[in-house]
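Residue 83 in UniProt numbering sits at position 83 of the sequence shown; the count goes up by one each step and never skips.
By construction, the Cβ of each residue, glycine as well, lies at the ideal position given by its N, Cα and C atoms.
I have placed the structure first, in the form of structure tokens, so that the comments after it can refer back to it.
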Amino acid sequence: MRVVHVASEVFPFSRSGGLGDVLGILPEVLAGQGAQTTVVSPWYGSLAGQPTEIWRGTSPELTVGSSPIHELRVGEIVQNGVQYLFIGLPEFDRPGLYFDDDVYRFCLFGRAVLTALQHVGVTPDVVHGHDWQSGLVLAYAHLAGLRTVFTIHNLQYQGRWNIEEAARWTALPEWTLGPDALEYHGDLNLMKAGLVFADAVTTVSPNYAQEITTPEYGEGLQGLLIRLTIEGRLTGIINGLDQERWDPRTDPDAPQFADPAGKAAATAVLREEFAMDDAPILGVVSRLADQKGIDLLIEALPEVTPHWNVVVLGGGDPLLTAALSGWAQHPRVAFVGGLNEPLAHRIYAGADAFAMPSRFEPCGLSQMISMRYGTLPVVRLTGGLVDTVPADIGFRFAEASPAALSAACAEARAEYDRPEAWQARMERAMALDFSWQGPAAQYLALYGRLGR
Ligand code: GLC
1 MRVVHVASEV FPFSRSGGLG DVLGILPEVL AGQGAQTTVV SPWYGSLAGQ
51 PTEIWRGTSP ELTVGSSPIH ELRVGEIVQN GVQYLFIGLP EFDRPGLYFD
101 DDVYRFCLFG RAVLTALQHV GVTPDVVHGH DWQSGLVLAY AHLAGLRTVF
151 TIHNLQYQGR WNIEEAARWT ALPEWTLGPD ALEYHGDLNL MKAGLVFADA
201 VTTVSPNYAQ EITTPEYGEG LQGLLIRLTI EGRLTGIING LDQERWDPRT
251 DPDAPQFADP AGKAAATAVL REEFAMDDAP ILGVVSRLAD QKGIDLLIEA
301 LPEVTPHWNV VVLGGGDPLL TAALSGWAQH PRVAFVGGLN EPLAHRIYAG
351 ADAFAMPSRF EPCGLSQMIS MRYGTLPVVR LTGGLVDTVP ADIGFRFAEA
401 SPAALSAACA EARAEYDRPE AWQARMERAM ALDFSWQGPA AQYLALYGRL
451 GR
């Protein structure tokens, strides 16, 4: 079976968050379980990798209005049993992943993918798209009679644009533009394209699969999602973790762990790096976005800093960045902006606890990574955090408020002061298994059921 994944990010070549992480490992595991696996993604100007160009041409079917025929390139990297194909279009030749004209750019990408696959001789049995950037590819794949799966990693970003203008970018038949398909409140909605044209829709945890059928989490698409659930077309498959990339015993960025006393040594390294005092360390590694509840954390800092040192790594929202930079003057608060993989490892390894006050969290990977390193998660009970953080390991709270977060941090601090109880939680955390083998087998079974 030839499975073709389509996504806007794939680690280690391009990544802004968990989507890239998942695409960086799931295809490898699927290949290990016997599926021929291809991943298709844009050839960004900032791509971390050197694909070999295997096809170049002009593609008349990509022409938009009177604009020139698009130059299309296809690059390839084959590694760990997976074929990665990078679609080169002039619109993606910029430093960075996402921009204001993304709906336009991913319409061009969407139109280019099947054409590119044809040129390089890849014939998919299943096209598996991820998030809105792949929505148009699923529409074309469906119209071409291919079997399709769509996975929701983040329902908040839907890829919407005024439909009159955007319809010219898609070159889809008129009937697909109505409210039963791509139209949503006067806009073209590419997330909806994925949902409507997929034979099966999944999201990245069973709990989130239920949550998104409610107005609180459905982002306006709950009606459609309820229908998909009733038809048996929407299910949750939990993400795993790349347990080699996040292995405390072999992590070159946290070498202290190779020793039995590793955790304490890793904590000492982090404490020294940020000149922190003896209070325990609460870590955060996150996109700085509304979703992640970083504003709740900032508001809770006056209540949290009496008990904890706090170290935050992440980039995104300029307002949150500014607020955190201000807080970094505080002796118990450290903030580093942007993405920094080695520092992320040092935080996961060295922090005592790890905060995720998410407003919504389709799965969440950071809580799993932290637990691997004996770093106990303080999480809001939402989405995949419910499915992955056991009550006898983490500190869980229900309400999305600074007060609820600081109460959970106080509870964690009280437990930290009972070393035996803390140690027992750490041991339970480090014994958990987040292998991708089970989830990958679930995807393969799903592919096998399609079209019967
Ligand atoms: C998105 C979600 C996150 C999930 C990740 C990978 O980043 O916000 O919860 O873990 O995708 O599926």
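Whether residue i touches residue j by CB criterion (7 Å)
i: V201; j: F150; result: yes
i: P362; j: G383; result: yes
i: S370; j: F354; result: yes
i: residue 461; j: G236; result: The shown model of the chain, from 1 to 452, leaves out residue 461, and the question about it has no answer.
i: P280; j: Y373; result: no
i: R380; j: P357; result: yes
i: A266; j: A344; result: no
i: N239; j: M276; result: no
i: Y44; j: F106; result: no
i: T148; j: A112; result: no
i: L26; j: V10; result: no
i: V4; j: T52; result: no
i: P179; j: D387; result: no
i: M368; j: L241; result: yes
i: T203; j: I152; result: yes
i: P364; j: L385; result: The question names Pro, but residue 364 in the sequence shown is Gly. For G364 and L385, yes; Cβs fall inside 7 Å.
i: I163; j: D131; result: no
i: G110; j: V137; result: yes
i: L224; j: L195; result: yes
i: L313; j: I294; result: no
i: G316; j: L288; result: yes
i: residue 456; j: E219; result: The question about residue 456 has no answer, for the chain in this structure spans 1 to 452.
i: A193; j: A139; result: yes
Residue i, DSSP secondary structure in three states
i: V127; result: strand
i: H5; result: strand
i: A200; result: strand
i: P90; result: helix
i: N309; result: strand
i: V333; result: strand
i: P215; result: coil
i: S358; result: coil
i: R346; result: helix
i: F109; result: helix
i: residue 454; result: Nothing in the structure corresponds to residue 454, since the chain is present only between 1 and 452.
i: V120; result: coil
i: residue 471; result: The shown model of the chain, from 1 to 452, leaves out residue 471, and the question about it has no answer.
i: G135; result: helix
i: L319; result: helix
i: S14; result: strand
i: L97; result: coil
i: G314; result: strand
i: V304; result: helix
i: R418; result: coil
i: A424; result: helix
i: P390; result: coil
i: A353; result: strand
i: L376; result: strand
Reference residue i; option with closest CA among the options
i: F13; options: P42, G34, E28 and Q291; result: P42
i: L72; options: I87, P302, Q79 and V78; result: I87
i: A116; options: T58, P215, L30 and T213; result: T58
i: R2; options: C107, G96, H128 and G24; result: H128
i: V304; options: A408, D259, N207 and A400; result: A408
i: A431; options: E415, P390, G448 and V269; result: P390
i: K263; options: N154, I393 and L376; result: L376
i: Q36; options: L320, L339 and V126; result: V126
i: Q291; options: T213, E216, V40 and R359; result: R359
i: Y443; options: P260, G18, L30 and W55; result: L30
i: A410; options: H307, G145, V333 and L224; result: H307
i: Y98; options: S46, P439 and Y140; result: S46
i: P90; options: S67, Y140 and G81; result: S67
i: L296; options: A404, E415 and E174; result: A404
Check: residue i C-beta below 6 Å from any heavy atom of ligand 1
i: L30; result: no
i: L155; result: no
i: G364; result: yes
i: V122; result: no
i: G18; result: yes
i: N239; result: yes
i: V40; result: no
i: E361; result: yes
i: V379; result: no
i: V389; result: no
i: V204; result: yes
i: V22; result: yes
- request: Pick out the complete alpha helix (DSSP H) segments inside the stretch 26-76, 4 residues or longer, and give them in chain order.
  value: 26-32
task: Please list the segments of the alpha helix (DSSP H) lying wholly inside the stretch 234-292, counting only runs of 4 or more residues, in order along the chain.
output: For the stretch 234-292, whole alpha helix (DSSP H) runs of length 4 or above, ordered along the chain, are 262-273.
- request: Mind listing, in chain order, the continuous alpha helix (DSSP H) runs of no fewer than 4 residues lying wholly within the stretch 137-195?
  value: As far as the stretch 137-195 is concerned, its whole alpha helix (DSSP H) runs of at least 4 residues are 163-170.
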